[in-house]
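Note that the sequence shown ends on residue 407 in the numbering used here; no numbers are left out. Quick reminder that beta carbons are idealized off the backbone N, C-alpha and C, glycines included. What follows is one structure encoded as structure tokens, with my remarks underneath.
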Amino acid sequence: MQIQELFNLSVWYMDKIEGSNILKYLQELYNILYSNANNTTKQPFSIEQENLNAALGEVNTIKLNDNQLEVLEKYNILKYLGKSGVHHIEDILYKNNLDLATAASKINGIISLFAQATNNFISINKDLTFLVQTTQDESNDNILKIHFKGGVAINNIVDLKDWSSNWYTISRGIAMVNNEPPETFKIVSTENGSIVLLVSASVPTILLLSKTIKAILEVVEKIYAIKIQKEELIKLKLENSITVAKLLNDDIKKLKKTKVDKICEDILSSANGEHDGEITTNLKKAITQLVNFIEKGGSVDIDSLAENVDNETNDEQLVVRQFRENFEAIRTLQEKIFLIEGESSSNERDEEQVEELDEENEQS
Numbered sequence: 044m045q046i047q048e049l050f051n052l053s054v055w056y057m058d059k060i061e062g063s064n065i066l067k068y069l070q071e072l073y074n075i076l077y078s079n080a081n082n083t084t085k086q087p088f089s090i091e092q093e094n095l096n097a098a099l100g101e102v103n104t105i106k107l108n109d110n111q112l113e114v115l116e117k118y119n120i121l122k123y124l125g126k127s128g129v130h131h132i133e134d135i136l137y138k139n140n141l142d143l144a145t146a147a148s149k150i151n152g153i154i155s156l157f158a159q160a161t162n163n164f165i166s167i168n169k170d171l172t173f174l175v176q177t178t179q180d181e182s183n184d185n186i187l188k189i190h191f192k193g194g195v196a197i198n199n200i201v202d203l204k205d206w207s208s209n210w211y212t213i214s215r216g217i218a219m220v221n222n223e224p225p226e227t228f229k230i231v232s233t234e235n236g237s238i239v240l241l242v243s244a245s246v247p248t249i250l251l252l253s254k255t256i257k258a259i260l261e262v263v264e265k266i267y268a269i270k271i272q273k274e275e276l277i278k279l280k281l282e283n284s285i286t287v288a289k290l291l292n293d294d295i296k297k298l299k300k301t302k303v304d305k306i307c308e309d310i311l312s313s314a315n316g317e318h319d320g321e322i323t324t325n326l327k328k329a330i331t332q333l334v335n336f337i338e339k340g341g342s343v344d345i346d347s348l349a350e351n352v353d354n355e356t357n358d359e360q361l362v363v364r365q366f367r368e369n370f371e372a373i374r375t376l377q378e379k380i381f382l383i384e385g386e387s388s389s390n391e392r393d394e395e396q397v398e399e400l401d402e403e404n405e406q407s
């Protein structure tokens with residue numbers, strides 16, 4: 044994570060979290076719950092809960108990138124922000140038939156998490172102020188981060204050549220739908236560690252890309268579900284396990300083909316103007332490469348929005364709303380996929396047998 048990212052996160056936290064009095068509202072709710080748990084006379088706490096829910100519900104993390112979200116996760120406060128936070132508070136208060144002592148204890152635990160995070164971000168903001176540029180040039184670009192990790196990690200020049208070619212295919216196919224050249228995607232910079240590419244593009248093109256990724260993640264979620272079925276079947280070591288696993292591999296291939304065609308059709312039907320065969324062909328290639336990229340562990344995340352994207356005027360409101368909703372949905376789907384991946388434990392030897400059987404059938 045870059046110093047500038049961490050500093051920007053501290054500024055965001057002080058504005059959106061500390062500035063919303065979330066810690067204050069948590070403390071007020073805790074005080075009443077604690078009092079009710081230890082006294083026969085009970086006080087209503089609906090106003091305190093409403094104040095807290097309103098403050099939590101207003102928190103929008105769409106402008107934070109993956110690295111910044113990971114910091115909030117490490118502080119264990121991300122799940123208590125936004126709509127998710129409201130649901131967590133409601134569960135604490137009502138899920139266990141309003142056990143006041145337990146509810147008070149859990150709210151107090153959340154207070155401790157936010158208090159620690161607040162102290163840390165105050166220190167970060169103070170310590171980094173003189174190390175970073177606090178004034179940045181205004182930009183009309185929207186910046187995306189392309190993460191080459193997992194099965195798409197770039198370890199050598201050959202990997203770099205292959206994935207450069209694949210991303211040329213992706214950028215060309217997406218840009219052509221909007222009658223834009225592949226050069227619409229501009230490389231802004233790179234980051235150290237596992238290779239991360241920062242690129243900028245026009246709002247229509249990034250909006251289209253976000254819609255495409257959202258649809259692809261829904262497909263990848265189904266692919267992982269099938270893979271889990273396959274691995275569970277292999278573990279049973281039944282006589283026909285390998286054969287059935289091979290059939291599940293076929294199901295994955297058919298699912299990819301069907302969904303790529305459907306995503307392409309949906310994109311073109313919602314796009315303006317007529318699109319010739321070349322655009323359709325290149326879009327299908329782009330979607331296929333994106334499915335491959337995301338399925339193997341790569342990800343695309345929004346790093347920053349252009350200044351004018353926040354100006355939700357009459358003509359831009361729908362575009363901006365779609366833009367943000369798509370990336371919120373992408374993060375939700377990514378979290379679900381990560382959970383599915385966590386449930387999956389690979390059996391390499393039997394997987395190799397399935398792959399060998401695939402190769403034998405293709406040759407015959």
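Compare the Cα-Cα distances from V220 to each of D344, V263, K273, C307 and report the closest residue.
V220 has its Cα closest to that of C307, out of D344, V263, K273, C307.
Closer than 8 Å is the cut-off here; do at least three beta carbon pairs connect the region 125 to 145 with the region 98 to 106?
Three or more Cβ pairs drawn from the region 125 to 145 and the region 98 to 106 lie within less than 8 Å of each other, which places the two stretches in contact.
Just to confirm the assignment, what range does the alpha helix (DSSP H) spanning L281 have?
Neither: L281 is in no alpha helix (DSSP H) and is coded neither H nor E.
Measuring alpha carbon to alpha carbon, tell me which residue in S148, L52, F50 is nearest Q70.
Answer by Cα proximity: S148.
Quick one: any contact between the region 254 to 262 and the region 330 to 339, if contact means 3 or more CB pairs under 8 Å?
When C-beta atoms of the region 254 to 262 are compared with those of the region 330 to 339, three or more pairs fall below 8 Å, so the two segments count as touching.
Are the region 244 to 258 and the region 268 to 281 touching by the rule of at least three beta carbon pairs closer than 8 Å?
Not touching, per the Cβ criterion.
Tell me which same chain residues have a C-beta within less than 7 Å of the C-beta of Q111, skipping the five on either side of it?
A distance below 7 Å between beta-carbons, with the five flanking residues on each side excluded, links Q111 to the following residues of its chain, in chain order: E48, L52.
Touch test, the region 49 to 68 against the region 156 to 168, Cβ-Cβ under 8 Å, three pairs minimum
Yes, the region 49 to 68 is in contact with the region 156 to 168.
Assign N221 to one of three DSSP states: helix, strand, or coil.
In this structure, N221 counts as coil in the three-state DSSP scheme.
Contact belief for L143 with L76 at Cβ below 8 Å, rounded distance in angstroms
L143 to L76, Cβ: 6 Å. Contact.
Just the C-alpha distance for I167 and F191, rounded to the nearest angstrom, thanks.
Whole-angstrom Cα-Cα distance: 28 Å.
Tell me whether N74, by its Cβ, gets closer than 7 Å to a heavy atom of the ligand SAM.
Among the components modelled here there is no ligand, and therefore nothing to report on the ligand SAM.
Assuming L72 and E91 make a contact with CB atoms under 8 Å, what is their CB distance in whole Å?
That belief holds up - the Cβ atoms of L72 and E91 are roughly 4 Å apart, short of 8 Å.
Would you mind working out which of K300, Y211, Q159, I269 sits nearest K289, comparing C-alpha positions?
Looking at K300, Y211, Q159, I269, the one whose alpha-carbon comes closest to that of K289 is I269.
So, for L66: in the same chain, excluding its five sequence neighbours on each side, which residues have a beta-carbon less than 6 Å away from its beta-carbon?
Beyond the five residues adjoining it in sequence on each side, L66 comes within less than 6 Å, by CB distance, of F157 in the same chain, given in chain order.
Go through its chain and collect everything with a Cβ distance to D353's Cβ below 7 Å, but skip five positions before and after it.
A caution first: D353 carries a pLDDT of 46, below 50, which makes its placement in the model unreliable, though a value can still be read off. The answer is none, since no qualifying residue turns up.
Please classify T84: is it buried, with 16 or more other beta-carbons within 10 angstroms of its beta-carbon, or exposed?
It counts as exposed.
Below 8 Å between beta carbons: does that hold for D344 and D109?
For D344 and D109, yes; Cβs fall inside 8 Å.
Would you decide whether S389 is buried or exposed? Buried here means 16 or more other CB atoms lie within 10 Å of its CB.
Any reading at S389 must be qualified, since the residue scores a pLDDT of 42, below 50, and its modelled position is unreliable; no value is offered.
Nearest to Y40 by alpha carbon, out of V287, E223, F228, V195?
Residue 40 is absent from the structure shown; the chain starts at 44 and stops at 407.
C-beta atoms of G340 and G194 nearer than 8 Å
In contact: G340 and G194 (Cβ atoms closer than 8 Å).
For N325 and I46, what's the separation of their Cα atoms in angstroms?
Taking the straight line joining both Cα atoms gives about 39 Å.
Would you tell me roughly how many angstroms separate the C-alpha atoms of E133 and I150, rounded to the nearest one?
One C-alpha to the other measures close to 11 Å.
If distances are taken between C-alpha atoms only, which option among E338, S284, E282, Q86 comes closest to I295?
The candidate whose alpha carbon is nearest that of I295 is E338.
Start-to-end residues for the alpha helix (DSSP H) that takes in K138:
For K138, no alpha helix (DSSP H) encloses it, and the DSSP letter there is neither H nor E.
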